[in-house]
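**Student:** For reference, the structure I am asking about is given below.
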Amino acid sequence: GAAMDSAGLTLATGRLLAPSQGGQSWFGHGSMLSGLWLDNQLRYDLLLASDRETLVDDFEHAGYRTAAIMPAITLAWPEGTMLGYDAIYDRDRIDYGGPPLNWVTMPDQFTWSFLERRVRPEAGGRPLFAELGLISSHAPWTPILPVLDDWDGIGDGRVFEHWADAGETPRELWSDADRVREHYARSVEYAVHAAQSYAARYVGDDELLVILGDHQPAPLITGDGASRAVPVHVVSGDPELIRPFLAWGFQPGAFPPTTPPSPERPLRRMDDFRSWFVEAFSP
């Protein structure tokens with residue numbers, strides 16, 4: 018929170034209930050975009066086969082260019098085409114020249130940098146709605162990279178070659194459940210730090226950044242019976258863009274509300290987001 022304050026940014030945090038845990042992140046993405054509760058593959062497939070509009074269409078109707086930046090997509094992705102983005106940047110369309118990091122094709126800091134270096138210029142001056150798949154907090158959680166101070170030096174990512182063989186192998190790490198949990202926490206710390214560093218450098222008064230945890234990790238990490246609620250951070254240089262979230266139950270700063278849900282402040286699900294958001298930000 019202090020880093021956001023010093024950058025002149027306003028930050029608020031809430032919770033949303035995710036439809037999955039430990040995987041199947043597309044259920045959460047689809048629920049946020051569509052306003053439908055997608056908690057199994059059949060419901061997700063029915064969404065794609067329907068004429069149901071989504072947040073992608075909402076932004077398009079409002080004059081935005083829409084883009085999906087998906088570094089984990091290495092095969093054909095017809096689902097993205099069905100969702101109707103103007104541009105999809107999958108692994109093959111992202112000019113990353115650095116090393117893959119086990120399952121993670123590229124670190125989050127590069128993905129954020131790619132948004133500024135390539136995706137925003139290709140919007141041609143139009144306002145941009147971009148969905149980024151940030152994957153450094155995805156298993157196997159090794160290696161853990163530092164966030165580099167020199168954003169201008171990231172370029173095509175060859176700067177990350179230094180960490181190509183850093184840390185232990187997934188096989189070594191996953192032989193010890195306690196250390197797996199520790200590395201999970203460190204990978205989330207990296208993801209949050211990269212997002213914070215990006216926001217401090219690039220987010221201005223006419224931008225709104227929504228940072229969504231798409232699901233909780235598997236019970237190996239959380240223990241049995243853990244909540245499926247995930248944190249959601251919203252950041253802008255304009256406090257007025259954050260005000261509707263505060264009215265919706267988010268609280269100022271980097272931590273979600275600790276008070277239990279109540280009729281006045283219910284725990285909302287991801288499928289509640291679209292209709293609320295469109296209403297809150299439409300003239």
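So my numbering is basically just the index in the sequence shown, starting at one, shifted up by 17. Every residue gets a Cβ at the ideal spot worked out from N, C-alpha and C, and that includes glycine.
#1: For the candidate residues A93, L63 and L100, whose alpha-carbon lies nearest to that of I84?
#2: Buried or exposed, going by whether 16 or more other CB atoms sit within 10 Å of the CB of W120?
#3: What is the rounded straight-line gap between the Cα of F262 and the Cα of M123?
#4: Measuring CB to CB, does L145 end up less than 9 Å from Y81?
#5: For the beta strand (DSSP E) that Y106 lies in, which residues bound it at each end?
#6: Does the distance from the CB of S253 to the CB of L225 come in under 9 Å?
#7: Counting only runs that start and end within the stretch 57 to 142, where is the alpha helix (DSSP H) found for 4 or more residues in a row?
#8: With 16 as the cutoff for other CB atoms within 10 Å, does H232 come out buried or exposed?
#9: Is it buried or exposed, D241, if we count other Cβ atoms within 10 angstroms and call 16 or more buried?
#10: Mark F272 as exposed unless 16 or more other C-beta atoms lie within 10 angstroms of its C-beta, in which case mark it buried.
#11: If we call anything under 9 Å between Cβ atoms a contact, is A29 one with Q213?
#12: Would you call T91 buried or exposed, if buried means 16 or more other Cβ atoms sit within 10 Å of its Cβ?
#13: Can you name the residues that DSSP bridges to E148?
#14: Tell me which same chain residues have a C-beta within less than 7 Å of the C-beta of P117, skipping the five on either side of it?
#15: Helix, strand or coil for L208? Go by DSSP, reduced to three states.
#16: Does the beta-carbon distance from D125 to A208 come in below 9 Å?
#17: Considering only the alpha carbon of each residue, which of D75, A140, S153 and R291 lies closest to G45?
#18: Tell me I238's beta-bridge partners as DSSP assigns them.
#19: Tell me which same chain residues have a C-beta within less than 7 Å of the C-beta of Y61, skipping the five on either side of it?
#20: Given a threshold of 16 other Cβ atoms within 10 Å of its Cβ, counted over all protein chains shown, does F298 qualify as buried or as exposed?
#21: With the cut-off set at 9 Å, would you say T27 and D223 are in Cβ contact?
#22: Mind listing, in chain order, the continuous beta strand (DSSP E) runs of no fewer than 3 residues lying wholly within the stretch 22 to 55?
#23: Go ahead and label S244 buried or exposed: buried means 16 or more other beta carbons lie within 10 angstroms of its beta carbon, across all protein chains shown.
#24: List the DSSP bridge partners of L229.
#25: To the nearest angstrom, how far is the alpha carbon of S130 from that of G141?
**Tutor:** The short version:
#1: The sequence position of residue 84 within the sequence shown is 67, counting from 1. A small correction: the amino acid at residue 84 is Ala; Ile does not occupy that position in the sequence shown. Residue nearest to A84 within the set A93, L63 and L100 is L100 (criterion: CA-CA distance).
#2: One-based indexing of the sequence shown puts residue 120 at position 103. W120 comes out exposed.
#3: Numbered from 1 along the sequence shown, position 245 holds the residue referred to as residue 262. Numbered from 1 along the sequence shown, position 106 holds the residue referred to as residue 123. Between F262 and M123, the C-alpha separation is close to 31 Å.
#4: Numbered from 1 along the sequence shown, position 128 holds the residue referred to as residue 145. Numbered from 1 along the sequence shown, position 64 holds the residue referred to as residue 81. When the beta-carbon positions are compared, L145 and Y81 come within less than 9 Å of each other.
#5: As a position in the sequence shown, residue 106 is number 89, starting the count at 1. Run containing Y106: A104 to D107, per the beta strand (DSSP E) assignment.
#6: Numbered from 1 along the sequence shown, position 236 holds the residue referred to as residue 253. Numbered from 1 along the sequence shown, position 208 holds the residue referred to as residue 225. Yes; because the gap between Cβ atoms is below 9 Å, this pair is in contact.
#7: Runs of the alpha helix (DSSP H) lying entirely within the stretch 57 to 142, each at least 4 residues long, are 58 to 66, 72 to 78, 95 to 100 and 125 to 131 in chain order.
#8: The residue labelled residue 232 in the question sits at position 215 within the sequence shown. H232 comes out buried.
#9: Reading the sequence shown from its first residue, position 224 is the one you call residue 241. With fewer than 16 Cβ atoms within 10 Å of its Cβ, D241 is classed as exposed.
#10: Against the sequence shown, residue 272 aligns to sequence position 255. With fewer than 16 other Cβ atoms from the protein chains shown falling within 10 Å of its own Cβ, F272 counts as exposed.
#11: For this step, residue 29 is matched to residue 12 along the sequence shown. For this step, residue 213 is matched to residue 196 along the sequence shown. Cβ distance not < 9 Å, so A29 and Q213 don't count as in contact.
#12: Numbered from 1 along the sequence shown, position 74 holds the residue referred to as residue 91. When all chains shown are included, T91 counts as exposed.
#13: Locating residue 148 in the sequence shown gives position 131, counting from the first residue. When DSSP reads this structure, E148 sits in a beta bridge with A85.
#14: By 1-based counting over the sequence shown, the position of residue 117 is 100. Nothing meets the Cβ criterion.
#15: The residue given as residue 208 occupies position 191 in the sequence shown. Here residue 208 is Ala; the residue named in the question, Leu, does not match the sequence. If DSSP states are grouped into helix, strand and coil, A208 belongs with the helices.
#16: Position 108 of the sequence shown, counted from the first residue, corresponds to residue 125. Position 191 of the sequence shown, counted from the first residue, corresponds to residue 208. Yes, they are a contact pair.
#17: Counting from 1 along the sequence shown, the entry for residue 45 is found at position 28. Here the closest residue by C-alpha is R291.
#18: Indexing the sequence shown from 1 puts residue 238 at position 221. DSSP, once it has assigned bridges, lists no residue as partnering I238.
#19: The count along the sequence shown starts at 1 and reaches residue 61 at position 44. Once the five neighbours on either side are set aside, the close Cβ partners of Y61 are W43, F44, G47 and L55.
#20: Counting from 1 along the sequence shown, the entry for residue 298 is found at position 281. Exposed: under 16 other Cβ atoms inside 10 Å.
#21: Here residue 27 refers to the residue found at position 10 when the sequence shown is read from its first residue. Here residue 223 refers to the residue found at position 206 when the sequence shown is read from its first residue. No, they are not a contact pair.
#22: DSSP runs (the beta strand (DSSP E)) wholly in the stretch 22 to 55: 27 to 34.
#23: One-based indexing of the sequence shown puts residue 244 at position 227. Exposed is the call here.
#24: Here residue 229 corresponds to residue number 212 of the sequence shown, with the count starting at 1. According to DSSP, which records beta bridges pairwise, L229 is partnered with V249.
#25: Sequence index remark: in the sequence shown, residue 130 carries index 113 (1-based). Sequence index remark: in the sequence shown, residue 141 carries index 124 (1-based). Distance between the alpha carbons of S130 and G141 is about 18 Å.
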